[in-house]
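UniProt numbering numbers the first residue of the sequence shown as 1 and each following residue consecutively.
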Amino acid sequence: MKVYVRFKPSDSTIPHKLLHPSATNATSSNSPPPIPQSLNLSLPTSSPTFTFPTGGILDPSTTQDMVYRQTAEECAKLCTEGVASCIFAYGQTGSGKTYTVTGGSQYDERGLIPRAITDVFKHLSQKEGECKVFISFIEVYQEACYDLLDQDKRLKKLEEWDKIQTKEDSNGELSLEGVRVYECESEESALSLLFLGNMNRITSSTKMNMASSRSHAIFTVSTTRTFGKKVETGKMHVVDLAGSERSGKTNDIVSEFKLKDHFIKSERRKSESVDINLSLHYLQRVIYSLQLSSPHIPYRNSLMTQILKSSLGGNSNTIFIGCLSMESENVQESLSTLKFLIRCGAVQVKYSRNVSTKHTGATLNLEIEGLKKKLAEKDGLLAMEKKKVEKLKVANKDLKNQFDAAEQGFEDKLSQIIGDVAPATDLTIPPQTLSLQLVAYLKRSSATLLETLLTSPSSTPIVLEECRRLLESMATEVKKSETEKEAWKTRAGKINIGYAGSEVGQLEVQGGGEGLEQGLDHGLDHGLDHGLDHGLDHGLNSLNNLNSLNSLNNNSNNNGTTRSTPLPPPPPKSAQP
Ligand SMILES: Nc1ncnc2c1ncn2[C@@H]1O[C@H](COP(=O)(O)OP(=O)(O)OP(=O)(O)O)[C@@H](O)[C@H]1O
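Shown next, in the form of structure tokens:
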């Protein structure tokens, strides 16, 4: 494996004393400019030297463009020639892995992936045959695999993320079921997928890095080129490993707070940290076994080594870029990274072009995989549509219940109104009173409303609103009607008193003669002329007058005439003064 060591520029103003890169052999004219291949460290007790004969040292002044040309440029070219490559970025947290792979905020700081995408499209445009480019982007987090190109990932909670199912074939190769693989026709569409995946990646703030990646991310560019009866399939994985770390040194910055939420985050960070270190440990064991050419390579200890099995020990041009921090306080981590990189450099890799005959072997498998993925996507869409239909059915049922309840309420209210209004007709109230007019009005309204309900089922919400509005107006009318009924009752009582009074008066004035009769008529007529209340008062006054007359005429002859005609009913309210 080719191995490069990249140093992140130090923030420290104190010049770094550990590094002494030494120049090395010149390379061929087509290759990028030569870089040092050895590194001396000045430690308090020793001065170890690390040599990387197939790669080299990229000192802190190395630009992103130089890093690309040294490491990934060739992989991008090979990807368009039917060769599989894999580039790993390995190192302590905060040492510059993501910066190297993806890039910084400025255009000229763009990392290996965007530069490789540009070159892949450039190379393919110069080739004969039908060329296609496919992109996928996944992450391995706590021994589960997730699709970083899932558009909804950021909207969902961690527990709701869809785990990618894995299946091992007879060769021990792991296939990832249902990973989104997008065919990209332009550099821009491939870059937008990279952007989407980076947005979806799990990060946390640590003391070492404000946006520390907590997962291993695997970005894959695949190409196919069909020419004549041949198909060439190339691949390039770029793996941004999660940063190795020592607990305590990289503590979650929020763990200093005692708040419950922060406590949970801190606990999650600890378990993430344990998981990251464990999976990196298993990667080291795989590399160690490959270096020793062991008969058994322990790929199956971790999901990440299983997924990348063919990149680590198969047909692949594999490169490790070790990212190092220059600060003295990180010397232990830097030493550990350098030792691991030395092991990687000792692993022999072989690679060859993947060319097959059209419609056979690899191409058929690729097509089948593509079709399976499309089918899975369609199934997903279908399931979503089914869910929507179910939701609509429930909503529809709810609406129907509301409608039934409103309709029932309306019927009840109507019966109550009619029941409340009907007794008022017993109280000698004239037929033209508002109460009976209201009953007629309500009957008419209910008939219209029911007709609307029956003929316009689709306008249920509008009809419900109409029901509600009508019921409100009915309630107001009922209230008015009740008040009116009470008023009529009171008046009826007064009339009865009036009758009683007048009857008493009549008994008393029996035989009172013409004068008495005139007085009573006068009083009652007067009352009717000036309203019921007024009239009754006058009637009672008249009765008093009659009493006076009676006492005045108590000796006069009585001809036996009595006033037996009942009093006329009161006029409608509206006609009263
Ligand atoms: N060569 C460099 N030049 C300038 N800035 C750099 C360089 N390398 C890293 N940085 C800056 O250092 C910070 C940490 O880098 P980065 O996120 O790439 O680290 P990392 O190794 O991916 O960390 P982690 O493992 O925690 O995700 C970032 O702000 C990045 O921009």
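C-beta: ideal position from N, C-alpha, C; glycine also. Just so we're clear, the structure is a prediction, and the values are computed from it rather than from any experiment.
CB residue i to CB residue j, shorter than 8 Å?
i    : j    : result
G91  : L324 : yes
F219 : L194 : yes
Q70  : I35  : yes
T226 : G129 : yes
H216 : V140 : yes
V221 : V120 : yes
G228 : V83  : no
F52  : Q37  : yes
T49  : L39  : yes
G243 : G111 : no
T102 : E187 : no
L278 : T305 : no
L149 : R180 : yes
M326 : P60  : yes
V231 : T223 : no
Can you give the Cα-Cα distance for residue i and residue j, rounded to whole angstroms?
i    : j    : result
D252 : P9   : For D252, the predicted structure reports a pLDDT of 47, less than 50, and the residue's modelled location is therefore unreliable. A value from the coordinates is still provided. Their backbone Cα atoms lie some 24 Å apart in a straight line.
N550 : T490 : Any reading at N550 must be qualified, since the residue scores a pLDDT of 48, below 50, and its modelled position is unreliable; no value is offered.
I87  : I321 : 7 Å
V286 : D398 : 59 Å
D147 : N198 : 11 Å
G56  : C344 : 13 Å
M1   : Q348 : 6 Å
E333 : V5   : 13 Å
Q506 : E477 : A caution first: Q506 carries a pLDDT of 49, below 50, which makes its placement in the model unreliable, though a value can still be read off. Cα to Cα, the separation comes out at about 42 Å.
Q432 : K480 : Legend: pLDDT at Q432 = 47, less than 50; position of this residue unreliable, value from coordinates given subsequently. Cα-Cα distance, rounded: 16 Å.
F7   : E367 : 42 Å
Q165 : S289 : 27 Å
R353 : G178 : 27 Å
S213 : R201 : 7 Å
V3   : H281 : 18 Å
I342 : T318 : 14 Å
R154 : Y107 : 25 Å
A89  : L303 : 17 Å
K373 : G96  : 34 Å
S72  : N301 : The sequence as given places Ala at residue 72; Ser does not occur at that position. So the alpha carbons of these two residues sit roughly 28 Å apart.
D275 : M384 : 34 Å
H123 : V67  : 20 Å
V133 : E74  : 17 Å
S136 : Y182 : 7 Å
S192 : F410 : 58 Å
E109 : L58  : 15 Å
Check whether the Cβ of residue i lies closer than 7 Å to any heavy atom of ligand 1, and answer yes or no.
i           : result
A346        : no
C75         : no
P48         : no
T98         : yes
S212        : yes
S95         : yes
G56         : no
A84         : no
A242        : yes
G313        : no
L79         : Checking the sequence shown, residue 79 turns out to be Cys, not Leu. Result no, Cβ not under 7 Å from ligand 1.
K270        : no
K127        : no
L9          : Reading the sequence as shown, one finds Pro at residue 9 and not Leu. Because some heavy atom of ligand 1 lies under 7 Å away, the Cβ of P9 counts as near it: yes.
C323        : yes
G370        : no
G91         : yes
residue 584 : Residue coverage of the chain in this structure runs from 1 to 577, which leaves residue 584 outside it and unanswerable.
Along the chain, where does the alpha helix (DSSP H) that runs through residue i open and close?
i    : result
T118 : L112 to S125
E73  : E73 to C79
E143 : Counting along the chain, E143 falls outside any alpha helix (DSSP H), and DSSP gives it neither H nor E.
N330 : Segment: none, N330 is in no alpha helix (DSSP H) and carries neither H nor E.
L193 : E187 to N200
Which residue marks the beginning of the beta strand (DSSP E) containing residue i, and which one marks its end?
i    : result
T357 : V355 to T357
G56  : G56 to L58
S175 : L174 to E177
V67  : From DSSP, V67 is part of no beta strand (DSSP E) but of the alpha helix (DSSP H) over Q64 to Q70.
V101 : No beta strand (DSSP E) contains V101, which is instead part of the alpha helix (DSSP H) from K97 to V101.
T318 : N317 to S325
E168 : Q165 to E168
L39  : S38 to L41
Which ranges does the beta strand (DSSP E) cover as unbroken runs of at least 3 residues, wholly within the region 337-397, from first to last along the chain? Listed in chain order, the complete beta strand (DSSP E) runs (minimum 3 residues) inside the region 337-397 are 355-357.
Starting from the N-terminal side, write out each stretch of the beta strand (DSSP E) that is 3 residues or longer and does not extend beyond the region 269-312. The qualifying runs do not exist here; there are none.
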